[in-house]
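Residue numbers (the working numbering): 6 to 85. Ideal Cβ placement from N, Cα and C applies to all residues, glycine included. Computed from a predicted structure; not experimentally measured. Okay, so here's the structure we're looking at.
The structure is reproduced here in structure tokens:
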């Protein structure tokens, strides 16, 4: 989208990174209802994709921890 290009042009020199979620989802018709509104799995996919861009080390650690927990068969219980 043109808005993303304009935002990147203005913000990049100031040290900001523009995350273009539109382009990321453009080829993922399977993750939207209508090309705009995400399905449940689509929301999870785009959230993970954006988080991997803005904080990759944290996401990698959380994913590894979650996988280890699942492999060990540990289940979290809700308090109360």
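DSSP on residue i, reduced to helix/strand/coil?
{"i": "residue 37", "result": "strand"}
{"i": "residue 83", "result": "Note that residue 83 has pLDDT 42, beneath the 50 cutoff, so the model's placement of it is unreliable and no number is given."}
{"i": "residue 62", "result": "helix"}
If you measure between the beta carbons of residue i and residue j, is that distance less than 9 angstroms?
{"i": "residue 45", "j": "residue 33", "result": "no"}
{"i": "residue 29", "j": "residue 43", "result": "no"}
At least three beta-carbon pairs within less than 8 angstroms, the segment 11 to 25 to the segment 45 to 53: These segments do not touch.
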